[in-house]
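Read in order, the letters of the sequence shown are residues 0 to 79 in numbering that gives the first Met the number 0. Virtual Cβ for every residue (Gly too), placed ideally from N, Cα, C. Since the model is a prediction, treat every value here as computed from it, not as a measurement.
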Amino acid sequence: MASYYDWLLAAIAAALLAGAATSVHPAVAVHQGLAGGSLVSTLILYEILFRNPPTEPTRSSTAASVVVGSGWLLTVVLMY
């Protein structure tokens, strides 16, 4: 039986596939669709790593904010 984390890992893959599928529309470029899927998968990854980790959660919320913020910044920079 699949655990909570297995479902979240499958959701990451589904978000990236949905972003790629969105790029089939003529108004959306491939890199824009993948960037959107990447942002959604980053939110899921934030849930797995920082909000509800399989081990003891971190006491520093600053580290979580820096990791997620830098991921979003990198995605936006690469999108354009």
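If I'm right that Glu35 touches Thr21 with Cβ under 8 angstroms, what's the distance once you round it to whole angstroms?
According to the sequence as given, residue 35 is Gly; it is not Glu. A Cβ-Cβ distance of about 6 angstroms is found for the pair Gly35 and Thr21, placing them in contact under the 8 angstroms criterion.
Where the alpha helix (DSSP H) containing Leu48 begins and where it ends:
Counting along the chain, Leu48 falls outside any alpha helix (DSSP H), and DSSP gives it neither H nor E.
So which of Thr41, Pro52 and Ala63 has the shortest CA-CA distance to Trp71?
Out of Thr41, Pro52 and Ala63, the CA that lies nearest to the CA of Trp71 is found in Thr41.
Near Tyr4, what residues of its chain come up, given a Cβ to Cβ distance below 8 angstroms and the 5 sequence neighbours on each side ignored?
So the list reads Ile47 and Pro53, once near-sequence residues are dropped.
Check the C-beta distance from Ile43 over to Leu7 and give it rounded, since I have them as a contact under 8 angstroms.
Contact check for Ile43 and Leu7: beta-carbon distance about 6 angstroms, within the 8 angstroms limit, so the pair qualifies.
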